[in-house]
Amino acid sequence: MSYSQNGFFDRYGGKYVAEVLSNTLAELKKAFTEALHDDSFLRELETIQRDYIGRETPLLFAETATKLLGGAQIYIKLEGLANTGAHKINNAIGQCLLAKRMGKKRIIAETGAGQHGVATAAACAKLGLDCTVYMGEIDVRRQQPNVATMELYGAKVRAVTSGSRTLKDAVNEAMRDWAANADTTHYVLGSALGPEPFPDMVREFQSVIGREVERQAKERGLDVAALVACVGGGSNAIGFFAPFIDRSEPRLIGVEAGGKGDGIGQNAVRMTGSVSREGIMHGYKSQFLLDEDGQALSTYSISAGLDYCGIGPQLAALGKRGRIEFTSARDKEALEAVRFFAQKEGVLFAMESAHAGAEAIKLAPTLPKDKAIIINMSGRGDKDLFITSPVFRKKEWLTFLHAETDRLEGGTEIHEAASMKGEEPAQNL
Ligand SMILES: *Cc1c(COP(=O)(O)O)cnc(C)c1O
21 MSYSQNGFFD RYGGKYVAEV LSNTLAELKK AFTEALHDDS FLRELETIQR
71 DYIGRETPLL FAETATKLLG GAQIYIKLEG LANTGAHKIN NAIGQCLLAK
121 RMGKKRIIAE TGAGQHGVAT AAACAKLGLD CTVYMGEIDV RRQQPNVATM
171 ELYGAKVRAV TSGSRTLKDA VNEAMRDWAA NADTTHYVLG SALGPEPFPD
221 MVREFQSVIG REVERQAKER GLDVAALVAC VGGGSNAIGF FAPFIDRSEP
271 RLIGVEAGGK GDGIGQNAVR MTGSVSREGI MHGYKSQFLL DEDGQALSTY
321 SISAGLDYCG IGPQLAALGK RGRIEFTSAR DKEALEAVRF FAQKEGVLFA
371 MESAHAGAEA IKLAPTLPKD KAIIINMSGR GDKDLFITSP VFRKKEWLTF
421 LHAETDRLEG GTEIHEAASM KGEEPAQNL
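With the first letter of the sequence shown counted as 1, position 145 gets the number 165 in the numbering used here; the numbers rise by one all the way through.
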């Protein structure tokens with residue numbers, strides 16, 4: 021099941037949208053399919069992946085971690101070394117190149133925590149496209165560092181004030197914009213979900229991860245027992261797993277956010293939890309965390325990228341078939357994994373990716389030493405200092421924040437910042 025059949029992966033997927041968008045999606049599918057068979061498009065994509073994203077990303081042998089855990093060899097795919105710090109840029113660059121090819125000069129995107137917004141803003145800056153990012157008002161307030169980064173890249177961030185003022189409302193608002201402006205505008209959806217052809221398209225642009233891993237593992241003669249990835253919407257996982265889906269090996273393991281516990285609103289477990297149900301939302305059918313009236317339940321994770329209430333349809337189908345095993349890691353386990361890999365390997369995992377790291381820590385000791393496990397480190401953890409610092413060193417962090425507030429309210433810096441804002445950038449640099 022490496023590709024959808026008319027947009028479906030077994031019972032999941034599809035294209036549940038209004039008439040206006042249906043035509044736009046059909047046009048997109050046609051353009052995408054043609055681009056995938058056009059050598060000049062593929063060469064352009066490869067060049068920008070190499071020179072701008074920084075591919076290929078390394079496959080690191082985690083030697084100390086392997087020794088300490090005493091089982092299978094642990095390898096880490098360092099996707100966090102991609103420009104902008106995570107795998108999301110692979111999809112953003114691919115879709116923006118496609119938009120250019122289709123003659124669309126305006127890009128819109130949704131973002132929750134802001135990671136996809138940052139990747140799309142960067143891709144648009146690189147490719148000379150106009151960029152608008154829809155983001156729930158509450159998320160705008162919570163995620164100022166990413167809002168600031170998007171604006172630095174030149175994107176416009178629109179705060180969405182409808183509904184719960186978070187990610188799902190941002191998706192709805194982006195869909196509305198797209199329906200009204202499809203002639204000029206492409207909607208860069210951020211994960212391997214949404215209506216056909218997005219799940220296929222996002223997987224194809226992310227599958228560069230899996231293709232590199234396959235080659236890197238072969239070059240080193242690894243006997244790979246398992247691939248482990250965290251699962252939010254599912255784009256890093258499906259791209260990592262893509263070349264291996266139609267084989268019986270290695271084991272493919274998806275790790276969801278176990279959050280604080282099993283209660284409703286305490287996690288984002290869609291494949292292994294008891295309250296998950298089949299539903300249709302955001303234009304596709306999949307497993308969602310919904311109440312009896314079909315409304316999204318609240319979700320929670322310490323990681324900003326793993327708390328979406330749905331999951332990509334292909335992952336859901338492969339989970340039901342048993343090809344992908346699903347498990348979850350709690351906040352605490354993810355935090356421990358961050359510390360473990362930082363101190364033993366000098367590698368700082370993003371909180372999302374640390375869920376996969378936590379599973380590998382449990383799995384490695386149960387497997388023989390001649391086998392390998394590969395973790396996809398979907399992103400690096402620099403972005404999470406505001407999350408990890410309050411946990412690991414709360415007192416010092418509070419002191420720092422108070423001091424920063426005092427300093428900024430003190431006067432001189434505000435003055436300088438205000439005068440810089442009015443200045444034109446120097447032309448002769
Ligand atoms: C957004 C994000 C995720 C979750 O998204 P997927 O589509 O499931 O990959 C995982 N890791 C990082 C670093 C992210 O930014």
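No residue lacks a Cβ here, since even glycine has one placed at the ideal position from N, Cα and C.
- Pairing Thr181 with Asp203, the inter-Cα distance amounts to about 26 Å.
- In the assembly as shown, Leu187 is a buried residue. Its beta-carbon has 16 or more other beta-carbons within 10 Å.
- Listed as beta-bridge partners of Ile300 by DSSP are Lys305.
- Between the C-alpha atoms of Pro215 and Phe28 there is a straight-line separation of about 10 Å.
- Secondary structure note for Ala249: its beta strand (DSSP E) is the uninterrupted segment Val244 to Cys250.
- The DSSP assignment places complete alpha helix (DSSP H) segments of no fewer than 4 residues inside the stretch 316-352 at 333-341, in order along the chain.
- For Ala145, the Cβ stays outside the 7 Å cut-off from all heavy atoms of ligand 1.
- Following the DSSP letters along the chain, one finds Met155 inside the beta strand (DSSP E) bounded by residues Asp150 to Gly156.
- Distance between Arg240 and Ala316, taken at the CA atoms: about 45 Å.
- For Lys176, the three-state secondary structure derived from DSSP is strand.
- Of the other Cβ atoms in all chains shown, fewer than 16 fall within 10 Å of the Cβ of Lys87; this residue is therefore exposed.
- Per the Cβ contact rule, the stretch 264-278 is not in contact with the stretch 295-313 (fewer than 3 Cβ pairs under 8 Å).
- If you compare the alpha carbons of His375, Thr319, Ala200 and Gly339 with that of Arg400, the shortest gap goes to His375.
- Sorting Ala354, Arg196, Leu65 and Ala246 by C-alpha distance to the C-alpha of Gln93 places Ala246 at the top.
- Taken through DSSP and simplified to helix, strand or coil, Val295 comes out as coil.
- Look at the stretch 183-260 and you find these whole runs of beta strand (DSSP E), each 3 residues long or longer: 205-208 and 244-250.
- With a 10 Å radius around the Cβ and a threshold of 16 neighbouring Cβ atoms, Val40 comes out exposed.
- Note on geometry: alpha-carbon atoms of Thr386 and Val411 lie some 30 Å from one another.
- Here Met155 really is in contact with Thr131; their C-beta atoms are around 5 Å apart, less than 8 Å.
- Excluding five sequence positions before and after Ser42, the CB atoms of its chain that fall closer than 8 Å to its own CB belong to Lys35, given in chain order.
- Relative to the non-hydrogen atoms of ligand 1, the Cβ of Leu326 comes within a distance shorter than 7 Å of at least one.
- The C-alpha of Gly283 lies about 25 Å from the C-alpha of Ala257.
- Collapsing the DSSP output to three states places Arg31 in coil.
- Distances from the CA of Ala354 to each of Ala112, Ala249, Leu117 and Ala142 were compared; the closest alpha carbon is that of Ala249.
- Residue Ile158 holds the alpha-carbon nearest to the alpha-carbon of Gly134 among Ile158, Lys382 and Val37.
- Residue nearest to Glu345 within the set Thr53, Asp71 and Leu272 is Leu272 (criterion: CA-CA distance).
- Per the C-alpha coordinates, the member of Arg297, Lys97, Leu45 and Arg63 positioned closest to Leu368 is Lys97.
- In the structure shown, Gly123 adopts coil according to DSSP, grouped into three states.
- Annotation: the continuous beta strand (DSSP E) that includes Gly279 extends over Arg271 to Gly279.
- DSSP, reduced to helix, strand and coil, places Thr131 within a strand of the structure shown.
- Spatial neighbours of Asp266 in its own chain (CB-CB distance under 6 Å, excluding positions within 5 residues in sequence) are listed in chain order as Ser22.
- Here DSSP, grouped into helix, strand and coil, assigns Gln115 to helix.
- The beta carbon of Arg350 is closer than 6 Å to those of Gly278 in its chain, skipping five residues each way along the sequence.
- Within a 10 Å sphere around the beta-carbon of Pro78 sit fewer than 16 other beta-carbons, which makes this residue exposed.
- Looking from the CA of Gly74, the closest CA among Thr44, His107, Glu83 and Ala82 belongs to His107.
- Membership of Ala55 in the alpha helix (DSSP H) is indicated by the continuous run Glu39 to Leu56.
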